[in-house]
Amino acid sequence: NPKIKIMKIFLCDLVHSQIDGTNQISGGQDFVVPLNVASLAAYAKDQLKNSVEISIFKYPQDLLDELSRNTLDIVGFSSYIWNEDLNSKIGSFIRKKYPDVLILMGGPSIRDDDAGIEGFLRQNMYVDIYIPFEGERPFLEILNAFATRGKTCCDGNTSLPGCAYLVRDELAYLKSAQDGNVEDFSSPYLTGILDEFLHKGLIPLFETNRGCPFLCTFCAWGNVDLNKVRKFPIDRVYAEMNYVAQNFPNMPAWIIA
Numbered sequence: 115n116p117k118i119k120i121m122k123i124f125l126c127d128l129v130h131s132q133i134d135g136t137n138q139i140s141g142g143q144d145f146v147v148p149l150n151v152a153s154l155a156a157y158a159k160d161q162l163k164n165s166v167e168i169s170i171f172k173y174p175q176d177l178l179d180e181l182s183r184n185t186l187d188i189v190g191f192s193s194y195i196w197n198e199d200l201n202s203k204i205g206s207f208i209r210k211k212y213p214d215v216l217i218l219m220g221g222p223s224i225r226d227d228d229a230g231i232e233g234f235l236r237q238n239m240y241v242d243i244y245i246p247f248e249g250e251r252p253f254l255e256i257l258n259a260f261a262t263r264g265k266t267c268c269d270g271n272t273s274l275p276g277c278a279y280l281v282r283d284e285l286a287y288l289k290s291a292q293d294g295n296v297e298d299f300s301s302p303y304l305t306g307i308l309d310e311f312l313h314k315g316l317i318p319l320f321e322t323n324r325g326c327p328f329l330c331t332f333c334a335w336g337n338v339d340l341n342k343v344r345k346f347p348i349d350r351v352y353a354e355m356n357y358v359a360q361n362f363p364n365m366p367a368w369i370i371a
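Under the working numbering, the first residue of the sequence shown carries the number 115, and numbering increases by one thereafter.
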């Protein structure tokens with residue numbers, strides 16, 4: 115049998131780590147663990163097993179160092195107001211230096227109406243696909259499509275649920291309801307994916323549920339598309355907390371999301 119190609123993926127939750135900040139509440143750390151992209155990695159690895167190799171990055175220099183040593187298939191960025199410029203600089207660099215890499219982005223710091231998404235993609239041409247809402251299932255859809263079609267997976271002949279991209283200068287976006295069962299998602303804590311960041315003293319961040327019934331305009335959850343509350347099993351939440359307490363007992367702070 116021909117050898118199956120393993121997809122090599124970098125997922126990045128980048129922060130400005132060049133200078134120490136003033137919000138150091140956990141062992142001299144300003145930053146939380148990359149729970150966002152680690153959740154995508156945990157689900158993808160659970161579903162695709164050894165056909166994917168995923169590395170996670172928090173600090174820009176670590177990412178740049180590894181980029182120089184690897185041949186990649188996919189790079190994904192989490193997008194927030196505090197790292198938008200950082201993502202743009204590094205994403206544009208990757209697009210220019212590695213034109214064949216598929217570049218993904220997701221996160222709440224985007225207008226999530228069609229016009230807002232299209233405007234973002236036009237202004238940030240280094241991004242191939244944006245995932246405006248929950249990322250696990252759309253990310254898996256992208257990986258499955260990429261495994262068979264490579265970078266042409268977003269050329270318009272395939273609809274990728276929850277994914278937005280430009281095809282022949284037009285927005286392609288098959289919006290998906292934010293009501294899927296979260297019990298299927300693997301824990302990035304219990305699978306050990308976050309260990310390297312906990313070892314560095316980054317602040318543990320625990321997620322107990324997704325969605326909110328309220329529509330507060332100042333909040334990323336204040337969106338009618340996100341008003342269904344979906345809870346992670348309480349046994350999983352306790353297991354994650356016990357895992358961190360037993361394996362990283364000297365953390366002076368935790369955050370409950």
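For every residue, glycine included, the Cβ atom is placed at its ideal position computed from N, Cα and C. Quantities reported herein were computed from a predicted structural model and do not represent experimental measurements.
For the region 230-280, the continuous beta strand (DSSP E) assignments of 3+ residues that do not extend past its boundaries occur at 243-245, in sequence order. Rounded to whole angstroms, the gap between the alpha carbons of residue 259 and residue 216 is 12 Å. Residue pairing by DSSP places residue 169 opposite 124 in a beta bridge. Restricting attention to 303, 119 and 186, the CA atom closest to the CA of residue 319 is found in 303.
In this chain, residue 202 is not harboured by any beta strand (DSSP E); it is covered by the alpha helix (DSSP H) spanning 198-211. It is roughly 16 Å from the alpha-carbon of residue 132 to the alpha-carbon of residue 198. Taking all protein chains in view, the Cβ of residue 317 is crowded by 16 or more other Cβ atoms within 10 Å, so the residue is classified as buried. Per DSSP, the beta-bridge partners of residue 287 are 278. About 4 Å separates the CB atoms of residue 232 and residue 285; that is less than 8 Å, so the two are in contact.
By the Cβ neighbour-count rule, residue 364 is exposed, with fewer than 16 other Cβ atoms within 10 Å of its own. With fewer than 16 other Cβ atoms inside 10 Å of its own Cβ, residue 356 counts as exposed.
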